[in-house]
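Count the sequence shown with the numbering used here and you get residues 1 to 296, in order.
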Amino acid sequence: MLSLAAVGIPWWLGTKDMDFMTPPSEISLAHLRARTAITHREKSHLFSINLEPKDTAAIESPIRAAPAINPGDPNTPAPLNSYAEHAAEGPVAYTALAVHLEEQGANARALLAWERVLDVCRASEPQRQAALAGIQRLRPLVAPWNIDPVAAKPLVLEATLPAGISADALEEIVTKCAHELSRHSSGLLRFEPRIERPERKSTPAAVLSLQLTGEGAGAASTGFLDFPLATDPDHLRREILVGVYKLIASQLAAVTDFTPPAPLADSDLPSAALEGRITRLCWDEFGKSLQPGKSR
C-alpha cells in the first residue's frame, strides 16, 4: 500500500488539474510540432558531417568541361560552313559541341555542329546515328536557311521517257518531287521539273532516265541514272527520290571533299534521308557544282 501511495499521490497532484477529455487546440499542436522539429534538428546536427561550401557547390552543381571547339556567341547568326575548319578534332568533339549548344538553347548553331559530324568527319555508325537524331530533332525547330526563292540556286529535275511509253502520272509526280527537293534543301536550291519524251525508231523499253542539271548555257549535269518505270504512283515517287539521292551522293563524292551521304538501305525512307543525311552545306555545294561554268 505504501508503494502504491508513493506512486499514486504524486501522479494525482501533477494531473488533477489536467483535462484529458478535450482535444488540444490547433495552437497547442503547432507549438508542439515546432518544439519537436527544433529538437530533431539539434539531435541530427550532432551526427552530421559539415561540408565545406566549395564541396557542397561541386556536388549540387557540377560544371561540364568546355567543348574543345569554340562554340562562338550562341546569340549571333553563324555561316552555313560554321565549325568545318575543326574537322581534325573529329566527331566526338563535334558531338560535345552540339550537346553544349543545345543546352544553351542555341538550336541553330547546334544543328550546324550535328551536321559537321556527317559532312566533314569519318564518323562511326553510332556517331552517325547520334548526329542524325540531333538533326531530326532540331530541323523542325530551326527556320529554313533561305526563304527568298530568288536567292535559291536554280536546278532542273529532268526525267526522260520514250514517247511510246504510257505514263499518265509522270508529270505530276516529277513536279511534286521537285517541290519536295526544294524543301529538303532548306530553300537553298530551287528545283524545276522537266519531262522529256523523245521519239524512238525501235520499240522503246519502259526505262526512266533521271538527271539533275543546272539552268542556262554551260550548266553542268550529274549524268543519267536509269531504272525501270514503276506503274504504281507511290512506287514511282520513291524510285525518283531514291535516284535523286544516289545522284547527289555520287556528285558530292566526285567534285567535293565532303563525306558523301551513306547509301540507302531498302527500309530507309528517301524523304527522311534527303533531309537528314544530306546536310544543308552539302546541298549548297551540290547546287554550286551544277551552275553554269562548272564541270564534273
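Each residue gets a CB set at the ideal place from its N, CA and C atoms; glycine is no exception.
Nearest candidate by alpha-carbon position, reference residue i, set the options
i    : options                   : result
N75  : A108, A143 and E89        : A108
R200 : L210, T160 and E180       : T160
A143 : R280, P292 and P204       : R280
G214 : A78, L132 and S289        : S289
A220 : P71, S124 and G287        : G287
A273 : L101, P198 and R238       : R238
L208 : E85, S182, G218 and I173  : I173
F196 : A84, G187, K246 and L210  : Note on residue identity: the sequence assigns Glu, not Phe, to residue 196. Ranking the options by Cα distance to E196, first place goes to L210.
A271 : R183, P77, A106 and A93   : Looking at the sequence shown, residue 271 is not Ala but Ser. Among R183, P77, A106 and A93, the Cα nearest to that of S271 is on R183.
V99  : A130, D232 and T222       : A130
T203 : T231, T222 and G164       : G164
Q136 : V150, E275 and P198       : E275
T231 : I278, D168 and G187       : D168
A84  : G134, L112 and Y245       : L112
D257 : P77, D73, A87 and S82     : A87
L297 : F227, T175, P140 and D226 : Missing from the structure shown is residue 297; the chain here goes from 1 to 296 and no further.
G134 : A106, F227 and D226       : A106
C-alpha gap between residue i and residue j, whole angstroms
i    : j    : result
K43  : I69  : Because K43 carries a pLDDT of 44, less than 50, the predicted location of this residue cannot be relied on, and no value is offered for it.
E285 : F191 : 15 Å
D119 : T259 : 5 Å
R116 : L97  : 10 Å
F224 : Q251 : 12 Å
S267 : V242 : 12 Å
L269 : I248 : 16 Å
P292 : L138 : 33 Å
L80  : E89  : 19 Å
K153 : I147 : 12 Å
E180 : L170 : 15 Å
I240 : A66  : 44 Å
R122 : R128 : 9 Å
S124 : S166 : 45 Å
E103 : W114 : 14 Å
I278 : P261 : 6 Å
A254 : L188 : 21 Å
S185 : A205 : 33 Å
A110 : D73  : 12 Å
D234 : V150 : 31 Å
T222 : P91  : 30 Å
P71  : C282 : 21 Å
S82  : P198 : 45 Å
P77  : W145 : 11 Å
L236 : F227 : 10 Å
P140 : P126 : 23 Å
A93  : A217 : 43 Å
L101 : T95  : 10 Å
Span of the alpha helix (DSSP H) around residue i
i    : result
V242 : P233 to V255
L281 : R280 to S289
S271 : P270 to G276
Cβ-Cβ separation, residue j to residue i (assumed contact under 8 Å), whole Å
i    : j    : result
L212 : L157 : 6 Å
P193 : A178 : 4 Å
Y245 : L264 : 6 Å
Ordered list of alpha helix (DSSP H) runs contained in the segment 154 to 229, each at least 4 residues
DSSP runs (the alpha helix (DSSP H)) wholly in the segment 154 to 229: 170 to 184.
Report the residue ranges of all beta strand (DSSP E) runs contained in full by the segment 64 to 141; include only those spanning at least 3 residues, in chain order.
Runs of the beta strand (DSSP E) inside the segment 64 to 141: none found.
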